[in-house]
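See structure below.
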Amino acid sequence: MAENTRIEWCDATFNPWIGCTKVSPGCDHCYAERSTPSRTLRVPWGPGAPRRRTSAANWHHPHRWNRHAIDHGIRYRVFCASLADWLDNEVPVEWLADLLNLVRITPNLDWLLLSKRIGNWETRLRAVLTYILSDDAVSYRADLLSWLEGWLGGGRPPSNVWLGATVVNQAEAERDIPKLLDTPAALHWLSMEPLLGPVDLTAIKRTVAPGFFGDALHWYHRGCCHEQDGIEYPAIDWIIVGGESGPRARPMHPDWARALRDQCHAADVPFLFKQWGEWAPDRDGAETCGNCGQTKFDTINAHGECGACGSDRWQRADTPLDTPCRIGKRRAGRLLDGREHHAFPIPPSGGAS
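In this text, residue positions in the sequence shown follow the UniProt record's numbering: the first is 1, and each later residue adds one.
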């Protein structure tokens, strides 16, 4: 669930449970809610609805991937909870304890822990800490206790955890990116899918020490505190951008994606353009109907005629049109201005702490 994923930015997905509650505009047309596993297992969605833990056989997959990684000297990027949210506060705490222990004992997997609830991180991990301290029957109690205390203390974040937040517009970026960067992690990343508006990451300013200033993407030093030179402060290490798919998909304007690409380039941050989704720019030189002027992508029918007036005469527009047109996910592809952007960050060395 699933080993051979089609998600462009990971090697495998692992769902410890299924089910969630919508908390963001990005959740409005949630693919996970309408996914085959959710429908087949009849998993209810929403506040108060019980989450569905996946099978023991499914929980065994990461162990097998970890062994394969050891045998072949490779690392898998594992996206955790594509059909849920690992920081969902309606998930039983003992399930989260089991998940964190699984992450701990599979140090050769890079776990991509993505959440729309990054502000829940400390509360949920402390709940796990309380649980394992109160239950002597937890077999992994001592080992997980040490692992959690290291992470919560900020000194030893696990090096096989890539901690991510989903943000889809400027308001979410300003609210959640500071929370993400305040959370200790070996690597911080953003999933900006579905991107629903322009986002300026350089507008998110942060000051954490005298003379040290920065934004969401990079830091710089100004002043005479030379003894602090060389100190590294957290910034976003990787950004994924994509448009929405599905029957009610909302369009992503090309300029929104371009702006994020350019911000990443200026800050030397890896940028991955995942997909256009259902909508994409009119790439064919903006052909229009020679009779009524409608754009070809908007109106062409199965017979090659303009669906608005029936004309079969097409002409090139005077200037290319950048207006998103609904052409379907497969046809839209993932090229941004004719180029594939498929960059990844350099993973932290070693395994879990």
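A virtual CB, placed ideally from N, CA and C, is assigned to each residue, including glycine.
Computed from a predicted structure; not experimentally measured.
Worksheet item: Does the Cβ of residue 135 have 16 or more other Cβ atoms within 10 Å, making it buried, or fewer, making it exposed?
Response: Of the other Cβ atoms in all chains shown, fewer than 16 fall within 10 Å of the Cβ of residue 135; this residue is therefore exposed.
Worksheet item: In whole angstroms, what separates the C-alpha of residue 204 from that of residue 310?
Response: C-alpha separation (whole angstroms): 50 Å.
Discussion item. What ranges does the beta strand (DSSP E) occupy inside the stretch 224-268, keeping only unbroken runs of at least 3 residues that lie completely in it?
Written reply: For the stretch 224-268, whole beta strand (DSSP E) runs of length 3 or above, ordered along the chain, are 238-242.
Worksheet item: Is it buried or exposed for residue 149, if we count other Cβ within 10 angstroms and need 16 for buried?
Response: The residue in question, residue 149, is exposed, as its Cβ has fewer than 16 Cβ neighbours within 10 Å.
Discussion item. Can you tell me whether residue 110 is helix, strand or coil according to DSSP?
Written reply: Secondary structure at residue 110: strand, using DSSP grouped into helix, strand and coil.
Practice prompt. Would you kindly check if the distance between the Cβ of residue 24 and the Cβ of residue 116 is under 8 Å?
Written response: The answer is yes: Cβ separation under 8 Å.
Worksheet item: Considering only the beta carbon of each residue, do residue 166 and residue 277 sit closer than 8 Å?
Response: No; because the gap between Cβ atoms is not below 8 Å, this pair is not in contact.
Discussion item. Could you pull the DSSP bridge partners for residue 398 from this structure?
Written reply: The structure shown does not extend to residue 398, since the chain spans only 1 to 353, so no value can be given for it.
Practice prompt. Assess, as a yes-or-no matter, whether the stretch 95-109 is touched by the stretch 151-170 under the definition of 3 or more beta carbon pairs within less than 8 Å.
Written response: Counting C-beta pairs with one atom in each stretch, the stretch 151-170 and the stretch 95-109 have three or more that are closer than 8 Å, which means they touch.
Fill in: Spatial distance of residue 119 from residue 183 (CA atoms)
If you take the alpha carbons of residue 119 and residue 183, they lie about 9 Å apart.
Fill in: Delimiting residues of the beta strand (DSSP E) encompassing residue 78
Counting along the chain, the beta strand (DSSP E) containing residue 78 begins and ends at 76-80.
Worksheet entry | C-beta atoms of residue 113 and residue 144 nearer than 8 Å | With contacts defined as CB atoms closer than 8 Å, residue 113 and residue 144 fail to qualify as a contacting pair.
Discussion item. Among 239, 256, 177 and 172, whose alpha-carbon lies nearest the alpha-carbon of residue 214?
Written reply: Checking every option, the nearest Cα to that of residue 214 belongs to 177.
Fill in: For residue 346, the three-state DSSP class (helix, strand or coil)
Correct three-state label for residue 346: coil.
Worksheet item: Would a C-beta distance cut-off of 8 Å place residue 281 and residue 244 closer than the cut-off?
Response: For residue 281 and residue 244, no; Cβs fall outside 8 Å.
Worksheet item: How many Å lie between residue 304 and residue 314 at the Cα?
Response: Rounded to whole angstroms, the separation of the alpha carbons of residue 314 and residue 304 is 10 Å.
Practice prompt. Spell out a yes or no on whether the stretch 73-84 and the stretch 7-24 are touching, meaning 3 or more CB-CB pairs, one atom from each, closer than 8 Å.
Written response: By the Cβ criterion, the stretch 73-84 is in contact with the stretch 7-24, since at least three pairs of Cβ atoms, one from each stretch, lie closer than 8 Å.
Discussion item. Check this for me: beta carbons of residue 240 and residue 216, under 8 Å apart or not?
Written reply: No.
Fill in: Residue environment, residue 341, which counts as buried when at least 16 other CB atoms sit within 10 Å
When all chains shown are included, residue 341 counts as buried.
Worksheet item: At what residue ranges does the stretch 269-314 contain a whole run of the alpha helix (DSSP H), taking only runs of 4 or more?
Response: If only uninterrupted alpha helix (DSSP H) runs of at least 4 residues are considered, those enclosed by the stretch 269-314 are 296-299.
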